[in-house]
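Engineer: Before anything else, here's the structure in question.
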Amino acid sequence: MGSLPVYKDASLYSARLPSSPIGEKSRRRIFTGGLPISEKEALKRMTVSSSANGYPLDPAVGSSGCRITRTYTAEYSHHPVMLAEVLDLLDPIPSGVFLDATLGGAGHSKAFLEHRDDIHLVGIDQDPQAQIAASETLSSFHGRFDLVHERFDHIDRILDQLKIDKLSGALFDLGVSSHQLDTPSRGFSFRTNGPLDMRMDTTSEPKAEDIVNSASLSELSRILREHGDERFHKKIARAIIAARPLSTTAELSEVVIDAIPAASKKFPGHPARRTFQAIRIAVNKEIEILESAIKQTIHRLAKEGRCVIISYHSGEDRIVKKTLRAAAGLSTTVPKHLPQPKEQAIIRLLARGGQTPSQNEISQNPRSKSARLRSFEKMRED
Ligand SMILES: C[S@@+](CC[C@H](N)C(=O)[O-])C[C@H]1O[C@@H](n2cnc3c(N)ncnc32)[C@H](O)[C@@H]1O
């Protein structure tokens with residue numbers, strides 16, 4: 007098992023490198039208080055030019071925006087989705103440690119730290135750029151947070167290394183951030199040209215181009231069908247294989263547009279959006295790791311601790327729903343009209359179905375449109 011060097015220093019710009027990292031070598035890092043100045047400056051200096059469209063850009067939202075040209079600066083920008091609902095649901099949690107498993111730019115976490123001064127934050131993100139942005143956002147909360155560059159299915163390992171036993175609360179705001187989508191060099195968007203990358207963790211493998219250029223026909227077809235609900239998965243998979251090698255988002259987008267029947271191009275939404283979503287999910291193993299991360303969180307929550315999970319596509323939400331219903335003792339096999347077995351329940355669901363954003367939020371932030379929020383409370387220690 008790999009372990010993480012820990013940076014223990016509450017002052018923002020002077021995190022010290024430990025003289026001997028704990029455990030074996032790892033590229034993952036935990037920062038307490040902030041990041042070294044060199045990393046923050048590197049992000050700020052990163053400026054790229056691109057042709058991009060107006061919102062919504064999110065493949066999950068799907069309707070197309072009007073095309074504009076803008077110069078893009080790599081300032082981190084992301085509106086926390088369903089913020090009022092998240093704060094409301096987390097309001098009653100006991101004092102202690104709150105885990106933000108998808109920290110991003112720390113929009114939700116900052117608001118929660120402001121709201122509750124008896125909370126210490128552990129913020130996980132696998133994207134090094136998100137960590138840098140979050141460190142800046144949280145700079146006024148000296149000593150109240152730990153930032154961890156890691157994938158969220160390693161929650162047990164991270165908490166063990168931080169010597170944290172129980173959590174008071176947790177948040178998963180799944181999927182990609184606006185910053186990732188809007189940065190052409192990250193290769194997430196079919197609307198801007200960039201390398202076929204799509205990695206949230208820029209230190210990991212594979213990139214999108216590895217999958218696009220080497221997956222078999224059946225594997226590509228399965229990815230498009232399962233992760234993108236793409237009707238034309240076979241046609242697109244065949245076209246991708248015929249067009250190999252592909253190295254840019256524009257090339258992939260063009261191949262998809264050419265592959266699908268003309269009539270279906272009239273449907274709302276960009277024709278390549280499902281393909282991009284599917285490949286992104288495969289690159290980042292978004293589906294495989296979710297159930298394990300939720301189970302680790304349930305186990306780590308203290309009695310009366312709460313967790314909020316926001317998902318953005320049906321595949322993700324299916325896993326969230328199934329995992330939570332099982333932990334709540336709600337059998338998925340017993341028909342709804344029959345008494346549901348409750349004796350195994352270790353959590354209680356805080357709402358019957360998934361909550362969705364208000365019309366007002368959707369009009370302010372169209373990318374929130376596909377959000378579905380599920381929440382629960384731990385009923386007893388396990
Ligand atoms: C929707 S954004 C979160 C935005 C955040 N709530 C805010 O208010 O700024 C999702 C973030 O989770 C990260 N992420 C997604 N899957 C992850 C995983 N498996 N492990 C760690 N981070 C992940 C992404 O890199 C991205 O920064």
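Residues in the sequence shown are numbered from 7 upward in steps of one, following the numbering used here. No residue lacks a Cβ here, since even glycine has one placed at the ideal position from N, Cα and C.
Exposed or buried, which one is residue 341 when buried takes at least 16 other CB atoms within 10 Å?
Structural biologist: Exposed, because fewer than 16 other Cβ atoms sit within 10 Å of the Cβ of residue 341.
Engineer: Are the beta-carbon atoms belonging to residue 106 and residue 115 less than 7 Å from one another?
Structural biologist: Yes, they are a contact pair.
Engineer: Between the segment 378–386 and the segment 349–357, do at least 3 Cβ pairs fall closer than 8 Å?
Structural biologist: Result yes; three or more Cβ-Cβ pairs closer than 8 Å.
Engineer: Please classify residue 176 as buried or exposed, where buried requires at least 16 other C-beta atoms within 10 Å of its C-beta.
Structural biologist: With 16 or more other Cβ atoms within 10 Å, it is buried.
Engineer: Do you know how far the Cα of residue 238 is from the Cα of residue 97?
Structural biologist: Whole-angstrom Cα-Cα distance: 45 Å.
Engineer: When you compare the segment 197–209 with the segment 249–257, are there three or more beta-carbon pairs, one atom per stretch, that lie closer than 8 Å?
Structural biologist: With the cut-off at 8 Å, the segment 197–209 and the segment 249–257 touch.
Engineer: Among all the DSSP beta bridges, which residues are the ones paired with residue 176?
Structural biologist: Paired residues: 105 and 313.
Engineer: Out of 112, 327 and 246, which one is the CA nearest neighbour of residue 216?
Structural biologist: Residue 216 has its Cα closest to that of 246, out of 112, 327 and 246.
Engineer: Indicate, with yes or no, if ligand 1 has a heavy atom lying under 6 Å from the CB of residue 351.
Structural biologist: Incorrect: residue 351 has no Cβ contact closer than 6 Å to ligand 1.
Engineer: Exposed or buried, what is residue 306 when buried is set at 16 or more other beta-carbons lying within 10 Å of its beta-carbon?
Structural biologist: The residue is buried, with at least 16 neighbouring Cβ atoms inside 10 Å.
Engineer: Can you tell me the Cα-Cα spacing of residue 273 and residue 170, whole angstroms?
Structural biologist: Looking at the two C-alpha atoms, the distance is approximately 50 Å.
Engineer: By how many angstroms is the C-alpha of residue 320 removed from the C-alpha of residue 157?
Structural biologist: If you take the alpha carbons of residue 157 and residue 320, they lie about 21 Å apart.
Engineer: Under a three-way DSSP split, which group does residue 4 fall into?
Structural biologist: The requested residue 4 does not occur in the structure, where the chain is confined to residues 7 to 388.
Engineer: Considering only residues of the same chain and omitting the five flanking positions on each side of residue 369, which have a CB-CB separation below 6 Å?
Structural biologist: There are no such residues.
Engineer: Kindly indicate the opening and closing residues of the beta strand (DSSP E) around residue 291.
Structural biologist: That residue, residue 291, is in no beta strand (DSSP E); it is neither H nor E in DSSP.
Engineer: Between which residues of its own chain and residue 160 is the CB-CB distance below 7 Å, once the five residues before and five after are set aside?
Structural biologist: None.
Engineer: At the level of alpha carbons, what is the spacing between residue 384 and residue 264?
Structural biologist: Taking the straight line joining both Cα atoms gives about 50 Å.
Engineer: With a threshold of 6 Å, establish whether the CB of residue 380 neighbours any heavy atom of ligand 1.
Structural biologist: Outside the cutoff, so no.
Engineer: For residue 81, count neighbouring C-beta atoms within 10 Å of its own C-beta (all shown protein chains included) and say buried if the count is 16 or more, exposed if not.
Structural biologist: Answer is exposed; the Cβ neighbour count stays below 16.
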